[in-house]
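Numbered according to this note's numbering, the sequence shown spans residues 30 to 299.
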Amino acid sequence: MLDIPKLKNQDSPQFILMAGPCAIEGRDMALRIAEQIATLTNRLKIPYIFKGSYRKANRTKVDSFTGIGDEKALKILKEVGDTFGIPTVTDIHESPEAAMAAEYVDVLQIPAFLCRQTELLAAAAATGKAVNVKKGQFLSGASMRFAVDKIKETNPAAPVMLTDRGNSFGYGDLIVDFRNIPEMRSFEVPVIMDCTHSLQQPNQASGVTGGKPKLIETIAKAAIAVGADGLFIETHPNPSEAKSDGANMLPLDQLEALLEKLVRVREAIR
Numbered sequence: 030m031l032d033i034p035k036l037k038n039q040d041s042p043q044f045i046l047m048a049g050p051c052a053i054e055g056r057d058m059a060l061r062i063a064e065q066i067a068t069l070t071n072r073l074k075i076p077y078i079f080k081g082s083y084r085k086a087n088r089t090k091v092d093s094f095t096g097i098g099d100e101k102a103l104k105i106l107k108e109v110g111d112t113f114g115i116p117t118v119t120d121i122h123e124s125p126e127a128a129m130a131a132e133y134v135d136v137l138q139i140p141a142f143l144c145r146q147t148e149l150l151a152a153a154a155a156t157g158k159a160v161n162v163k164k165g166q167f168l169s170g171a172s173m174r175f176a177v178d179k180i181k182e183t184n185p186a187a188p189v190m191l192t193d194r195g196n197s198f199g200y201g202d203l204i205v206d207f208r209n210i211p212e213m214r215s216f217e218v219p220v221i222m223d224c225t226h227s228l229q230q231p232n233q234a235s236g237v238t239g240g241k242p243k244l245i246e247t248i249a250k251a252a253i254a255v256g257a258d259g260l261f262i263e264t265h266p267n268p269s270e271a272k273s274d275g276a277n278m279l280p281l282d283q284l285e286a287l288l289e290k291l292v293r294v295r296e297a298i299r
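Shown next, in the form of structure tokens:
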């Protein structure tokens, strides 16, 4: 299992779960979501990492929500981790952000569009934190070995995860090629399936990204069945009111039933 502080249930045969809101919208909501998921994952013996972006840098429109302020959001992420004794993960977008975010979170995430940025990968590795790299929508699973190499070249001891989030399919859709999961696992790093972003419908004429959240369960079950080590799921109490990526998020009240099914799938294939 990964060397990540506060990661519980590491002796469990269950998958890793990265879950939380797309963006940190406020303290109370973050704590509410984290408490509910932490309680649920402890019951199911699922290793859990709370996810929340302190800033959304890749937005469609100039007036799209980007965040509540970097320091404010990062402090909320730290409070979540300290309050519930769980690790946290957030995206970084430029090299100087790595050291800044590393003071508050346990895992640094490299967004899919930035997975080839050598300096960014090296900066994340240099912090000593675990690094989760999302596979670019424009890349094969096989090509992600170079992202792992860049991180290990800077810090051979850095824990690394790779996350699949689908591949571009035309101009406004994504499709998941499940061959990428065993391909990336061959690099001897844990592989996560992003079950929500892989269902996005980007580049819509409206300027708002669409999605197909009804297929989250389908993607998650298939990923576990082909050997994914973990799942990434964005969730919100009311996705229609979320300030970012609401169109492809799972309603928080549906997470428990979904995880219970996925636990049984994992048990069935082991």
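Think of the CB as a built atom: it goes at the ideal place given N, C-alpha and C, for glycine as much as any other residue. Every value quoted in this text rests on a predicted model; they were computed, and no experiment measured them.
Residue i, buried or exposed, once every other Cβ within 10 Å from all chains shown has been counted against 16
i, result
"residue 91", "exposed"
"residue 100", "exposed"
"residue 115", "buried"
"residue 296", "exposed"
"residue 133", "buried"
"residue 140", "buried"
"residue 157", "exposed"
"residue 277", "buried"
Among the options, nearest to residue i - alpha-carbon criterion
i, options, result
"residue 131", "119, 251, 65 and 113", "119"
"residue 146", "159, 163 and 158", "163"
"residue 71", "45, 128, 93 and 96", "45"
"residue 179", "148, 37 and 199", "148"
"residue 254", "299, 213, 271 and 243", "299"
"residue 93", "275, 243 and 264", "275"
"residue 272", "286, 41 and 51", "51"
"residue 256", "215, 225 and 244", "215"
"residue 242", "264, 258 and 222", "264"
"residue 59", "40, 111 and 42", "111"
"residue 61", "109, 85, 42 and 104", "109"
Close beta carbons around residue i, own chain, < 8 Å, minus the five adjacent residues each side
i, result
"residue 282", "266"
"residue 125", "152"
"residue 227", "193, 194, 195, 203, 205 and 248"
"residue 38", "70, 71, 74, 75, 76 and 77"
Residue i - containing beta strand (DSSP E), residue span
i, result
"residue 168", "Counting along the chain, residue 168 falls outside any beta strand (DSSP E), and DSSP gives it neither H nor E."
"residue 120", "117-120"
"residue 190", "189-193"
"residue 78", "77-80"
"residue 58", "Careful: residue 58 lies outside any beta strand (DSSP E), inside the alpha helix (DSSP H) at 56-73."
Residues near residue i in its chain [Cβ-Cβ closer than 6 Å; skip 5 each side]
i, result
"residue 234", "Model confidence at residue 234 stands at a pLDDT of 44, short of 50, so the residue's coordinates are unreliable and nothing is read from them."
"residue 107", "133"
"residue 209", "170 and 193"
"residue 189", "160, 177, 180 and 218"
Supposed close pair residue i, residue j - CB separation, criterion 8 Å
i, j, result
"residue 288", "residue 73", "6 Å"
"residue 49", "residue 80", "4 Å"
"residue 66", "residue 77", "6 Å"
Residue i, enclosing alpha helix (DSSP H) - first and last residue
i, result
"residue 259", "Not the alpha helix (DSSP H): residue 259 falls in the beta strand (DSSP E), residues 259-265."
"residue 99", "99-113"
"residue 294", "284-298"
"residue 137", "Taken as a continuous stretch (DSSP letters only), residue 137 belongs to no alpha helix (DSSP H), being part of the beta strand (DSSP E) at 136-139."
"residue 206", "Element bounds for residue 206: n/a, residue is neither H nor E."
"residue 173", "No alpha helix (DSSP H) contains residue 173, which DSSP labels as neither H nor E."
"residue 150", "147-155"
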